[in-house]
Amino acid sequence: MNKLLSSFICLLLYNFISPSYSLPLCTDLRAPVIPKKTLAFCPYNGRVCCDSSKDVQLHKAFEGMKISDTTCSSAVKSILCSTCDQFSAELFKIKSGRRPVPVLCNSTAASTNSFCSSVWDSCQNIPIKNSPFAPSLQTKAGGTKNSNSSLLTDFWQSKADFCEAFGGSSDNDSLCFNGEQVSLKKNETLQTPNGMCFEKIADGAYLNMVPHPDGSNRAFFSNQAGKIWLAAIPDQDSGESMGLDESSPFADLTDEVFASYNCDKAKSPSCAGRCACNSDVGCDPSKIKSEDNKQPCQYHSVVSEFSANGTASNPSLTEKVKPSEVRRIFTMGLPFTANHGGQILFGPEDGYLYFMMGDGGSKGDSFNFAQNKKSLLGKIMRVDIDNIPSQEEISDLGHWGNYLVPQDNPYSQDKDLQPEVWALGLRDPWRCSFDSERPSYFICADVGQDQYEEVDIITKGGNYGWSMYEGPLRFKNASADDFVDPIFPVLGYTHSEVNKEVGSAAISGGYVYRSKTDPCIYGSYLYGDLYAKNFWAAQENPYNSGNFTARSIRFSCAHDSPLNCSAVPNSPLPALGYIFSFGQDNRKDTYILTSTGVYRVVRPSRCKYTCSMETARTAETPHPSAPSDGHIAKVDLCSVLLYCLLFLTSFIL
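With mature numbering (1 follows the signal peptide of the UniProt record, and there is no 0) applied, the sequence shown corresponds to residues -22 to -1, 1 to 631, in that order.
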């Protein structure tokens, strides 16, 4: 049965693309750090993937090889130390399976030096004990490798044979090791876009937008109350609006959600689950004061699987359904009534469900949930919903619902960490996204409290500091026992920078812009502030470095917008109201969902902004296509998952 019908759920689907090498990551897929002590053996500086203990371990391994030749010795030392490089995950092609050595730069061009050839030339007849070049497979010639041998010529018949096994080239899609710490060249001078042009294509306030997984020009929109609409997106430059009929929703789940909260057990006892405030995390619900007569854990965060199958003969084409709940994926009682986050995404490479959860809402995170490794509050979770354990196993494992924990989650290296946790130290993540061209770029905006709004690149086991830090600023005075080594934001702004009158701000994360519509912001990460006076386009320099420079960008509404854009009184700015969220369609065009309607980024010339790279636009019609590699299963799962709040706006409260 086709399940594409119910893909309105709050999930973002990403097309598989040809791989491009990732941001700095270590071989354990964690972020590199600045070591507390300079490495004594490996000559690496800045952010690295080794601490002093690993450095000593590598030194001992090197000494055990007993290499007599200094040239060979130097080459092998550099290869051993490459595991400390901030790009070691890419050098060792870790996502394809761990290699014994990094990919060695190899070139067949006579004018180009080949590090792989140099290693062969200097080491081919030099004994190396416990050689990292000892292969586990047969030689190209078919002979069995002798694991007791220690000469390269015992393993490999020729330089070509050796470099075919260990060599590779460096280009836009991959890195190779040339004997030195990877250094990226800075891009040419970054050009600031002259402005960003919008058109208004729909009225109404929506919190979420999801492109239809069939690859068409349709998309789903949902509001806070629990209604979902299906609409056809008009072509760029067509002059048409979406024509979304609010009186005829695709699905109505208002019986499943309540007010501004996820689920109220006083009204729906079936939603009740364990309270996030419990003895395991050192919290007693009886000591939490009620808020507005709301008891601790009266409200719950819920992830449910819904199906619309059986509601029509051709589900993928129907325009109205009555979905029914199939299973409950996750249920957790909330100690307070704000900062719940709540977004869910599927990883475009691993297919797992990522669930963004805020710190629960206590001012200043007074219970320290975000830093408590046993709490799921203030975390990003990662779970497998394809393979579900039995109810008995779920009970024994202490899970919060029907899912399996991936074996490579960070708890495999940190037994103090709750198994579901992928990253910690967040306050209220409000809109995360994967870059559709570089899926390792998992970017989240995190709403601050009093001073700072931030954007983080999320990595395995990353600690983003809250509530010891608010962005890069110290928030709590901590003892040595409370010390954390946070990953600081790649982007951000202070409240006073953007809202001097109110003194308040709340970030809304967007997307890395990948549409051809405005080539002058292509590749920039777009984000904005709740109060709709500020948008930023952040460019990375050098590319793939994880270092971003944000520039405030002018914005206006096209004079020929399909729907009229009103203006802020005594201001040239369009009256967007409040920015709730961003969206993307299957063409990768970007949308801003606000309290006054849905706006789309269009050609800059429509607002008289100059972009030298803009060309005459030809209509692009998305065509359904077969997903690649493991994506088919995710479309089915994506089509039936719904976060019961449909992304609450607790950050406004």
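Don't be surprised by glycine CBs; every beta carbon is placed ideally from N, CA and C. Please read all numbers here as calculations on a predicted model, not as lab measurements.
Check: In chain order, each beta strand (DSSP E) run of at least 3 residues that lies wholly inside the stretch 257 to 306; Outcome: 277 to 285
Check: Backbone CA spacing between Arg76 and Tyr332 [nearest angstrom]; Outcome: 24 Å
Check: Sub-8 Å separation of Cys62 and Val26 beta-carbons; Outcome: yes
Check: Limits of the unbroken alpha helix (DSSP H) element including Thr131; Outcome: 130 to 133
Check: Integer-rounded CB distance, given that Pro13 should sit under 8 Å from Pro2; Outcome: Contact doesn't hold; Cβ gap of about 14 Å is too wide.
Check: Outcome for Leu355 when other beta-carbon atoms lying within 10 angstroms are tallied against a minimum of 16; Outcome: buried
Check: The stretch 340 to 352 contacting the stretch 320 to 330, beta-carbon criterion three pairs below 8 Å; Outcome: no
Check: Presumed contact (8 Å Cβ cut-off) between Pro227 and Trp207, rounded CB distance; Outcome: 5 Å
Check: Three CB pairs or more closer than 8 Å across the stretch 570 to 590 and the stretch 538 to 556; Outcome: yes
Check: Bridge partner(s) assigned by DSSP for Trp98; Outcome: DSSP lists no partner for Trp98.
Check: Other residues of its chain near Ser523: CB distance less than 8 Å, five sequence neighbours each side excluded; Outcome: Leu1, Pro2, Leu162
Check: C-alpha distance - Lys357 paired with Gln385, whole-angstrom precision; Outcome: 18 Å
Check: As assigned by DSSP and simplified to three states, the class of Glu475; Outcome: helix
Check: Inter-residue spacing [alpha-carbon to alpha-carbon] between Arg360 and Val383; Outcome: 7 Å
Check: In DSSP terms, what Leu432 is bridged to; Outcome: Going by the sequence as given, residue 432 is Glu instead of Leu. Answer is Asp424, Gly470.
Check: Bridge partners - Gln562, DSSP secondary structure assignment; Outcome: Thr568
Check: Opposing strand residues paired with Phe533 [DSSP bridges]; Outcome: Met174
Check: Residues bridged to Glu142 (per DSSP); Outcome: DSSP, once it has assigned bridges, lists no residue as partnering Glu142.
Check: Ala515 beta carbon less than 8 Å from that of Phe508; Outcome: In the sequence as displayed, the identity of residue 508 is Leu instead of Phe. No. Outside cutoff.
Check: Touch test, the stretch 43 to 50 against the stretch 96 to 108, Cβ-Cβ under 8 Å, three pairs minimum; Outcome: yes
Check: Residue from Arg529, Asn542, Ile570 with nearest C-alpha to Asn172; Outcome: Arg529
Check: Backbone secondary structure at Ala1 - three-state DSSP; Outcome: With the sequence shown as reference, residue 1 is identified as Leu, and Ala is not the correct amino acid for it. Coil, per DSSP.
Check: Buried or exposed by the 16-neighbour rule on C-beta atoms within 10 Å, applied to Lys300; Outcome: exposed
Check: Collapsed DSSP secondary structure at Leu395 in the structure displayed; Outcome: coil
Check: Val383: first and last residue of the uninterrupted alpha helix (DSSP H) it sits in; Outcome: Counting along the chain, Val383 falls outside any alpha helix (DSSP H), and DSSP gives it neither H nor E.
Check: Cβ-Cβ separation, Ser219 to Ala180 (assumed contact under 8 Å), whole Å; Outcome: 6 Å
Check: Any 3 or more C-beta pairs closer than 8 Å across the stretch 461 to 470 and the stretch 429 to 448; Outcome: yes
Check: Which listed residue (Ala112, Met187, Ser85) has its alpha carbon closest to that of Phe558; Outcome: Met187
Check: Cβ-Cβ distance between residue 634 and Thr495 below 8 Å; Outcome: Nothing in the structure corresponds to residue 634, since the chain is present only between -22 and 631.
Check: For Phe65 and Asn23, the rounded distance between their alpha carbons; Outcome: 13 Å
Check: N-terminal and C-terminal residue of the beta strand (DSSP E) that Leu36 is part of; Outcome: Run containing Leu36: none in the beta strand (DSSP E); it sits in the alpha helix (DSSP H), 30 to 42.
Check: Own chain partners of Cys50 with C-beta closer than 6 Å, once the 5 adjacent residues on each side are dropped; Outcome: Ser100, Cys101, Ile104
Check: Endpoints, the alpha helix (DSSP H) within which Glu370 is located; Outcome: 369 to 375
Check: Gly182 to Asp328 span [Cα, whole Å]; Outcome: 35 Å
Check: CB-CB length for Ser445 against Ala348, believed under 8 Å; Outcome: 6 Å
Check: Span of the alpha helix (DSSP H) around Val54; Outcome: 48 to 59
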